[in-house]
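Q:
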Amino acid sequence: MTSISFQKMENSQRSMHLYLGICILSLQWILTYQQVNVALRGIATQSSLYTYYYASLAIDGNRNSVLSASSCSHTKADYGPWWRVDLLVLYDISNVIITNRGDSSPDRINGAEIHIGNSLINNGNNNPRCVVIPSMPAGTINYTCNMRGRYVNVIIPNIVQYLTLCEVEVNGVPVPVFKKAFLRINFKSIEDLSNPTMRDKILQKVKSANIQPAVFQVQWTKEPELEKRT
Ligand SMILES: *[C@@H]1O[C@H](CO)[C@@H](O)[C@H](O)[C@H]1NC(C)=O
Ligand SMILES: [Ca+2]
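Under our numbering, the first residue of the sequence shown carries the number 36, and numbering increases by one thereafter.
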C-alpha cells in the first residue's frame, strides 16, 4: 500500500483514518467449481478392521466389488458398524455413490445409512442423515443428498453386522471460503474525504495497485474519519 501516492499536502491538511475492507474469494473454488469425487482426497476410517480390508479401499477409485480383489473395506462383526471419510474441508455434496460387495452377501448392507456433517460426536454417526438404504443389489447406487459437510459416514445402526464397502464416491464442490483482510490507512489529505467521489477515486487507486489475483472485491468498510488528537 505504500506505493500508493496521494496528493501532496498543502495548507490546512487534515489527518484522516481510512479503513478499507478487502474481500477475497478462494481461488481454489473458482478453479474447481464442478462436481468431482472428493472422497479420493479424503482419509477413511472404520469401526474395526477385518483382516486387511482397510477403510481406504472404499476410496481407492476402483469399484471392483469382488472381495478378493482387495478394493473393498470390511469391518468385523460390530454392533452398529460404521465407515467414515474425512474430506478435510467443507464440501457441498450433491450425491454419494455406493458400490456394494458383489461376490457374496449383498444383503449385509441392508439398513445402512449415509450421514453427512461436521461433527465427530459418536464418530460422526450423529450427523444429519441423507438416506436409509433398505437394501441394495450387488452393484452401484447413486444417492442424492444435497448436503454440506466435511465427514461422510456409512453406518448400519442397531445390529451386529459386517460393513463392506467396495467404493464410496462423494460428489461435491468446495464451499466458497471468503477471507477478509482489513487495511487501516493513515494519511493526510487536503481533499474532502467525506466526499463520495473522492473516496471512489482512492478506491480505484487501491484496486489498480493489484494486490493479489484472488482479490476481486475491494470496498470501504467504514467511512473515513478524522484522526482524534489527544
Ligand atoms: C448421480 O446423481 C446425480 C444427481 O443427484 C447426477 O448429477 C449424477 O450424474 C449421478 N452420477 C452418476 C454416476 O450416475
Ligand atoms: Ca474400491
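A virtual CB, placed ideally from N, CA and C, is assigned to each residue, including glycine.
Would Gly-152 and Gly-146 qualify as a contact pair, given that the criterion is a beta-carbon distance under 9 Å?
A: Cβ distance not < 9 Å, so Gly-152 and Gly-146 don't count as in contact.
Q: Classify Ser-108 as helix, strand or coil using the three-state DSSP reduction.
A: In this structure, Ser-108 counts as strand in the three-state DSSP scheme.
Q: Rounded to whole angstroms, how far is the Cβ of Pro-141 from the Cβ of His-150, which I believe are closer than 8 Å?
A: Contact doesn't hold; Cβ gap of about 21 Å is too wide.
Q: With Val-167 and Glu-148 assumed to form a contact (beta carbons below 8 Å), what rounded beta-carbon distance in angstroms separates them?
A: Indeed, because the Cβ distance is near 5 Å, the residues count as touching under 8 Å.
Q: Any chance the segment 72 to 79 sits against the segment 92 to 105, with 3 or more Cβ pairs inside 8 Å?
A: The segment 72 to 79 vs the segment 92 to 105: in contact.
Q: Count the other C-beta atoms from every protein chain shown that fall within 10 angstroms of the C-beta of Thr-110, then say buried if there are 16 or more, exposed otherwise.
A: With 16 or more Cβ atoms within 10 Å of its Cβ, Thr-110 is classed as buried.
Q: According to DSSP, is Asn-161 helix, strand or coil?
A: It is coil, neither helix nor strand.
Q: I need the straight-line Cα distance from Ser-47 to Thr-232, nearest angstrom please.
A: In this prediction, Ser-47 has a pLDDT of 48, which is less than 50 and means its spatial position is unreliable; what the coordinates show is noted afterwards. Taking the straight line joining both Cα atoms gives about 20 Å.
Q: Compare the C-alpha of Val-203 against each of Gln-69, Ser-83, Thr-86, Ser-100 and name the closest.
A: For Val-203, the nearest C-alpha among the options comes from Ser-100.
Q: Is any non-hydrogen atom of ligand 2 found closer than 8 Å to the C-beta of Ile-191, if you look at the structure I gave you?
A: Every heavy atom of ligand 2 is 8 Å or more from the Cβ of Ile-191, so no.
Q: Rounding to the nearest angstrom, what Cα-Cα distance links Arg-136 and Cys-107 in this structure?
A: Approximately 7 Å between the Cα atoms of the pair.
Q: Any idea if Ala-112 is buried or exposed, counting beta-carbon neighbours within 10 angstroms, 16 or more meaning buried?
A: Result: exposed.
Q: Return the first residue and the last residue of the beta strand (DSSP E) that Tyr-186 is part of.
A: First-last of the beta strand (DSSP E) with Tyr-186: 175 to 190.
Q: Compute the Euclidean distance between the alpha carbons of Lys-240 and Asn-230, then round it to the nearest angstrom.
A: If I take the Cα positions, the gap works out to 16 Å.
Q: Cβ of Arg-143 within 9 Å of Cβ of Gln-196?
A: Yes, the Cβ-Cβ distance between Arg-143 and Gln-196 is below 9 Å.
Q: Which class does Arg-234 belong to by DSSP, given the choice of helix, strand or coil?
A: Helix, per DSSP.
Q: Helix, strand or coil for Asp-142 per DSSP?
A: If DSSP states are grouped into helix, strand and coil, Asp-142 belongs with the helices.
Q: How far does the beta strand (DSSP E) with Gly-152 in it extend, from its first residue to its last?
A: 147 to 152 is the span of the beta strand (DSSP E), which, as asked, contains Gly-152.
Q: DSSP state of Arg-119, grouped into three classes?
A: If DSSP states are grouped into helix, strand and coil, Arg-119 belongs with the strands.
Q: Can you tell me whether Ile-132 sits near ligand 1, meaning its C-beta is under 8 Å from at least one heavy atom of the ligand?
A: Checking the Cβ of Ile-132 against ligand 1 gives yes.
Q: Does DSSP put Asp-227 in a helix, in a strand, or in coil?
A: Here Asp-227 sits in coil by DSSP.
Q: Does ligand 4 have a heavy atom nearer than 8 Å to the CB of Ser-154?
A: Looking for ligand 4 in the displayed structure turns up nothing; the ligands present are ligand 1 and ligand 2.
Q: Could you tell me if Ala-90 is buried or exposed, where buried requires 16 or more neighbouring beta carbons within 10 angstroms of its beta carbon?
A: When all chains shown are included, Ala-90 counts as buried.
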